[in-house]
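Chemist: Below is the structure I would like to discuss, written out as structure tokens.
Protein chains: 2
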Amino acid sequence: MVMSVTREMTIGQAAKSSAVSAKMIRHYESIGLLPKAQRTRSGYRLYDENDVHTLRFIQRARSLGFPLETIRALLALWRNRRRSSAQVKELALHHVEDLERKIAEMQAMARTLRHLAQHCHGDERPECPILDDLAR
Amino acid sequence: MVMSVTREMTIGQAAKSSAVSAKMIRHYESIGLLPKAQRTRSGYRLYDENDVHTLRFIQRARSLGFPLETIRALLALWRNRRRSSAQVKELALHHVEDLERKIAEMQAMARTLRHLAQHCHGDERPECPILDDLAR
DNA sequence: CTTGACCTTGCCATGATGGGAAGGTCCATA
DNA sequence: TATGGACCTTCCCATCATGGCAAGGTCAAG
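Residue numbers (the working numbering), protein chains in the order written: chain A, 1 to 136; chain B, 1001 to 1136.
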């Protein structure tokens, strides 16, 4: 496989460079989050530095918990020179609200369980306020 | 459909009494979380107060975020007179750890995003530290 | 007898990811 | 030049808990 001087690479190399698995790169392409990759004559996908940059963008956005559909919108804004930062900020703050809602739910669960566990002897006897609560 | 005096009910009534959807009741049965329900001659599932009690137990455990496999274990302990409360407590505290780990992850995401958003003008101009971070 | 509310099973979808199979390609080394 | 290993391809299946829908059967009241 002969690649040009512009440092084209296979999917495995792009995966390493971007910390996005080859599996996911193919998946992102299949759902249209990434444009269809170029191919060698034998069918191998080819990626360049630009593609890797996009992959890193997606990877970073995923690491901040953005769902793929929001990342689709963020990518469009990133590429759009006439975007308004207000649009980006709205997506981000909406996601923060989602996170905060989920955090609050889980904190309530954890608080309840810690409280119940605190009153559970945790010994060999069967009496257990945790089960009592679940069965109430 | 004639039901006995022990207040047997159809799946829809059991669903209302337990706040578990009929769909989920069937699903729990299919994965063996619930024993196979009794049936009328025509094939309708029948539930009694005991079944509803179990359903409420599952519902409460789900509302505390326990995964179904853990609920399977909790149900077994609930039914086991020779259980030790230590086993129950361990399952609960393990789940609390899971919750706390996820909460911490999401808090880190939210913190980062709030910080980035704070520095984003959120106006009609394209400059945006949020995109800058994602693209860095 | 009709109608509407309920029940049955079975299939598909979600969201993001991984696993694995069956088969093709590339390249270095024996 | 042949072989082997590392890589690539597509396709299907699994996760986890839940919902939706479709086609068809049952029940009870009017």
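Think of the CB as a built atom: it goes at the ideal place given N, C-alpha and C, for glycine as much as any other residue.
1) Buried or exposed: which applies to E1124(B), given that a residue is buried once 16 or more other Cβ atoms fall within 10 Å of its Cβ?
2) Against chain A, with Cβ distances strictly below 7 Å, would D1123(B) count as a contact?
3) On the DSSP bridge assignment, give the partners of P1046(B) in chain order.
4) Return the bridge partner residues of M1009(B) from the DSSP annotation.
5) With a cut-off of 7 Å, does the C-beta of V20(A) fall near any C-beta of chain B?
6) Indicate whether at least one CB of chain B lies closer than 7 Å to the CB of A73(A).
7) Output, in chain order, the set of chain B residues within a Cβ distance shorter than 9 Å of K161(A).
8) Taking the alpha carbon of P1035(B) as the point to measure from, which residue in G1122(B), L1046(B), R1041(B) has its own alpha carbon closest?
9) Going along chain B in order, which residues have a C-beta closer than 8 Å to the C-beta of T112(A)?
10) For chain A, find out if any of its Cβ atoms is closer than 7 Å to the Cβ of M1024(B); answer yes or no.
11) Out of L1116(B), T1054(B), E1127(B), state which residue places its alpha-carbon closest to the alpha-carbon of R83(A).
12) Roughly how many angstroms lie between the CA atoms of G1122(B) and D133(A), to the nearest whole one?
13) Who are the near neighbours of A22(A) in its chain, counting only those whose CB is closer than 7 Å to its CB and skipping five residues on each side?
14) Quick check: what's the CA-CA separation for M1024(B) versus D1051(B)?
15) What number of angstroms, rounded off, separates the C-alpha of I130(A) from the C-alpha of C120(A)?
16) Taking all protein chains shown into account, do 16 or more other C-beta atoms lie within 10 angstroms of the C-beta of S1042(B), making it buried, or fewer, making it exposed?
17) Do you know offhand how far R1072(B)'s Cα is from V96(A)'s?
18) So which residues on chain A does I1130(B) lean against when the C-beta distance must stay under 9 Å?
19) Beta carbon of A92(A), beta carbon of A1117(B): below 7 Å?
20) Helix, strand or coil for S18(A) per DSSP?
21) To the nearest angstrom, report how far apart I58(A) and H27(A) are at their CA atoms.
22) Give me the Cα-Cα distance between A110(A) and L64(A), rounded to the nearest whole angstrom.
23) If you reduce the DSSP assignment to three classes, tell me which class S85(A) lands in.
24) Are the beta-carbon atoms of D48(A) and E105(A) separated by less than 7 Å?
Modeler: In short:
1) Exposed, because fewer than 16 other Cβ atoms sit within 10 Å of the Cβ of E1124(B).
2) Interface residue (Cβ-Cβ distance to chain A less than 7 Å): D1123(B) is classified as such.
3) Note on residue identity: the sequence assigns Leu, not Pro, to residue 1046(B). Looking at the DSSP output, L1046(B) sits in a beta bridge with Q1038(B).
4) Among the bridge pairs identified by DSSP, M1009(B) is matched with Y1047(B).
5) By the rule that beta-carbons nearer than 7 Å mark a contact, V20(A) does not touch chain B.
6) The C-beta of A73(A) comes no closer than 7 Å to any C-beta of chain B.
7) Given that chain A is displayed from residue 1 to residue 136, the structure contains no residue 161(A) and the question cannot be resolved.
8) The option with the nearest alpha carbon to P1035(B) is L1046(B).
9) Ordered by position in chain B, the residues that pass the 8 Å Cβ test against T112(A) are L1064.
10) Against chain A, the CB of M1024(B) has no partner CB under 7 Å away; the residue lies outside that interface.
11) Considering only L1116(B), T1054(B), E1127(B), the residue with the shortest C-alpha distance to R83(A) is E1127(B).
12) G1122(B) and D133(A) have their C-alpha atoms spaced approximately 47 Å apart.
13) I11, G12, A15.
14) Answer to the nearest angstrom: the Cα atoms are 14 Å apart.
15) In this structure, the CA atom of I130(A) is about 7 Å from the CA atom of C120(A).
16) Classification for S1042(B): exposed.
17) If you take the alpha carbons of R1072(B) and V96(A), they lie about 34 Å apart.
18) Result: L74, S85, V88, K89, L91, A92.
19) A1117(B) is positioned such that its CB atom lies closer than 7 Å to that of A92(A).
20) In this structure, S18(A) counts as helix in the three-state DSSP scheme.
21) Their backbone Cα atoms lie some 13 Å apart in a straight line.
22) For the pair A110(A) and L64(A), the Cα-to-Cα distance works out to about 23 Å.
23) Here S85(A) sits in helix by DSSP.
24) E105(A) sits away from D48(A), with the two beta carbons spaced by 7 Å or more.
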